[in-house]
Amino acid sequence: MEIKLHVNNVEVTMQTEAGENLVTALRRHGYTEVRTGCDTGSCGLCTVWIDGKPALSCSTLAMRASGKNVTTIKGIGAEAESLAKALVSEGADQCGYCSPGFILTVVAMRRELESPTIDDIKHYLNGNLCRCTGYEGQLRAIQKWLVASL
Amino acid sequence: MLNMRDYAAPETLQEAWDIYNSSPSNTILGGCAYLRLGEKRIGTGIDLSGLGLDHIEAHKSYIQIGAMTTLRELEINPLLKTHFGDLLSDSVKNIVGVSFRNGATVGGSVFGRYGFSDVITALLALGADVVLYKGGQMTLERFLNEPPHYDILTSIRVPKLESKGVYQAFRHSTGDYPILTAGVCKLENGVRISVGARPMRAGLALKAMDYVNVLLASGKAITETAIEAAADMASQELVFGTNMRAGADYRKHLCKVLVARGLEEVL
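Chains as they are written, first to last, in this note's numbering: chain A, 1402 to 1551; chain D, 34 to 300.
Dropping the structure here:
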């Protein structure tokens, strides 16, 4: 089956199967920055944006992305880079595997929420799991990044 | 993701029904979050996303929530907050994460009749109805208690009654499946008490509701003793079970605590 969609604002045509998930389709077409974690919709590693909203690509049918604009970590450029630097500076990036999912979710949060509190941040990031840290580094980095980006 | 032979995106409900009815292996696709965890062999997956069922609309006597409305939309929609306070928002806000809730749908949660469903507990407490394509409108309570319906859920209708409601759930950790859920609502026509994740699906504590509603109708003050009695009644009349998350006795005790707290808040 063929679908047409935009990935990072570039129109692409993908071949997929009826039951294939978006993360597999994206990776097969070269978007390997999108990662598979738990593959059960629990960890947030596979987060992408679909029409600007964070979504789990492991739990989204590729067919459902037809006609949509999918954004990966590479699609948010400078914002991702500045937040990534903040994460590194606070020791929040050990293996780095969860970081793209975290970054996409945090940037989406900033676009959606005005002046999120620490509780808002924790709640919004509830679906992004990290096996390496205790989340303290991420929370410090996010708060500093939010202040710096005002 | 899914063991699915074919995919269809019908443009009308009749088309969706025709495909659904053409083979027992054809399956309606909601958010697919739970469907993907199973091993069902699907013939044709029928995607309802193109049918405009992702709506939340005010009608004269009810708010209509389309079956393809996401749990995230349920969480943040201002119309729902205006009419029902934080009840619906509180029921979904701890389900995994925002990304998950941007995909999971109200229709998938309700039609699945899942025991762990926070949404069903909240909607039952609000006295919601379901609207089925072939079966028409019926109470959520009837939908849950009858054998599974071979039908397409199109929307949920929540009566626009003056209400004060509170939703509570107990979990081992945020984002996890609940151990027990409780929705308590004081509506114009009385109190409703709904308890779910027992681990069975949500049910109404009818005896406890009758007890409280008789007191309310008599004009007598609802004392702390009466609230405890009602909560105890709820814990006695409902059935609880044991699974990996909690034992039956623990759930029974939790029911008493959560229902009492809910009644204290709404009365």
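Every residue gets a Cβ at the ideal spot worked out from N, C-alpha and C, and that includes glycine. Given the structure is predicted, the values throughout are model-derived calculations rather than measurements.
How far does the beta strand (DSSP E) with methionine 266 of chain D in it reach, from first residue to last?
Where methionine 266 of chain D is concerned, there is no enclosing beta strand (DSSP E), although the alpha helix (DSSP H) it sits in stretches over 257 to 270.
Is arginine 1429 of chain A close to chain D, meaning its C-beta is less than 8 Å from at least one C-beta of that chain?
Arginine 1429 of chain A does not count as touching chain D.
Taking arginine 190 of chain D as part of the beta strand (DSSP E), name the residues at either end of that continuous run.
Counting along the chain, the beta strand (DSSP E) containing arginine 190 of chain D begins and ends at 186 to 192.
Taking CB distances under 8 Å as the criterion, tell me whether phenylalanine 133 of chain D reaches chain A.
So yes, phenylalanine 133 of chain D belongs to the interface.
Residues in its own chain within less than 8 Å of aspartate 1452 of chain A by CB, not counting five upstream and five downstream?
Scanning its chain for C-beta atoms nearer than 8 Å, with the 5 sequence neighbours on each side dropped, one finds around aspartate 1452 of chain A the residues Lys1469 and Asn1470, in chain order.
Please work out which residues of its chain come closer than 7 Å, Cβ to Cβ, to proline 345 of chain D, disregarding the five sequence neighbours upstream and downstream, and give them in chain order.
One cannot answer for residue 345 of chain D here, as it falls past the ends of chain D, which runs 34 to 300.
Can you tell me where the beta strand (DSSP E) holding tyrosine 91 of chain D begins and where it ends?
Reading off the sequence, residue 91 of chain D comes out as alanine, not tyrosine. Unbroken beta strand (DSSP E) run through alanine 91 of chain D: 89 to 91.
Backbone CA spacing between glycine 295 of chain D and isoleucine 260 of chain D [nearest angstrom]
Inter-residue distance for glycine 295 of chain D and isoleucine 260 of chain D is about 9 Å (C-alpha atoms, whole angstroms).
Counting only the same chain and skipping the five closest in sequence on each side, list residues whose C-beta sits under 7 Å from that of alanine 1556 of chain A.
Coverage of chain A is limited to positions 1402 through 1551, which leaves residue 1556 of chain A absent and any answer about it impossible.
Own chain partners of tyrosine 1432 of chain A with C-beta closer than 6 Å, once the 5 adjacent residues on each side are dropped
Thr1473, listed in sequence order.
Alpha carbon of serine 55 of chain D to alpha carbon of isoleucine 189 of chain D, nearest angstrom
Cα to Cα, serine 55 of chain D sits roughly 26 Å from isoleucine 189 of chain D.
Spell out whether any CB of chain A is found under 8 Å from the CB atom of glycine 136 of chain D.
Yes, its Cβ sits closer than 8 Å to a Cβ of chain A.
Below-8 Å beta-carbon distance, lysine 126 of chain D vs any chain A residue:
Flagged as an interface residue toward chain A: lysine 126 of chain D, by a C-beta distance shorter than 8 Å.
Quick one: what does DSSP say asparagine 36 of chain D is sitting in, helix, strand or coil?
Asparagine 36 of chain D carries a strand assignment under DSSP once its states are collapsed to helix, strand and coil.
Under 8 Å Cβ to Cβ from glutamate 106 of chain D, same chain only, skipping five residues before and after it: list those, please.
In chain order, Asp87 and Ile89 place their CB closer than 8 Å to the CB of glutamate 106 of chain D, counting only its own chain and leaving out the 5 sequence neighbours on each side.
Using a cut-off of 8 Å between C-beta atoms, extract the partners of leucine 1547 of chain A located in chain D.
None at all; the shortest Cβ gap to chain D is about 16 Å.
According to DSSP, is methionine 242 of chain D helix, strand or coil?
Correct three-state label for methionine 242 of chain D: helix.
Straight-line gap, leucine 271 of chain D to leucine 68 of chain D (C-alpha atoms, nearest Å):
One Cα belongs to leucine 271 of chain D, the other to leucine 68 of chain D, and the distance between them is close to 28 Å.
Cβ neighbours of threonine 103 of chain D in the same chain (closer than 8 Å, five flanking residues each side left out)
Excluding positions up to five away in sequence, the list reads Gly64, Asp87, Arg134, Asn135, Gly136, Ala137, Thr138 and Val139.
Can you pull the chain D residues whose beta carbon is under 8 Å from the beta carbon of glutamate 1421 of chain A, in chain order?
Met34, listed in chain order.
Are there 16 or more other CB atoms within 10 angstroms of the CB of aspartate 1520 of chain A, so buried, or fewer, so exposed?
Classification for aspartate 1520 of chain A: exposed.
Give me the Cβ distance between leucine 237 of chain D and arginine 225 of chain D, rounded to the nearest whole Å; I'm assuming they're in contact under 8 Å.
In this structure leucine 237 of chain D touches arginine 225 of chain D by the C-beta definition: roughly 7 Å separates them, less than 8 Å.
Residues of chain D with a CB under 9 Å from the CB of methionine 1572 of chain A: which are they?
Residue 1572 of chain A is absent from the model: chain A starts at 1402 and stops at 1551.
With 8 Å set as the bound, which would you pick, yes or no: does the beta-carbon of methionine 277 of chain D sit closer than that to a beta-carbon of chain A?
Between methionine 277 of chain D and chain A, the shortest Cβ-Cβ separation is not below 8 Å.
Under 8 Å between the Cβ atoms of aspartate 282 of chain D and proline 211 of chain D?
Not closer than 8 Å, so no.
Closest by C-alpha distance to glutamate 1537 of chain A, when choosing among A:Val1489, A:Gly1420, A:Arg1512 and A:Glu1515:
A check of alpha carbon separations from glutamate 1537 of chain A across A:Val1489, A:Gly1420, A:Arg1512 and A:Glu1515 identifies A:Val1489 as the nearest.
Measure the Cβ-Cβ separation of valine 1435 of chain A and serine 1458 of chain A and say whether it is below 8 Å.
Taking C-beta atoms as the reference points, valine 1435 of chain A and serine 1458 of chain A count as a pair closer than 8 Å.
Neighbour-count burial assignment, glutamate 1403 of chain A, 16 or more Cβ in a 10 Å radius
Using a 10 angstroms sphere on the CB of glutamate 1403 of chain A, the tally of other CB atoms stays under 16, which defines it as exposed.
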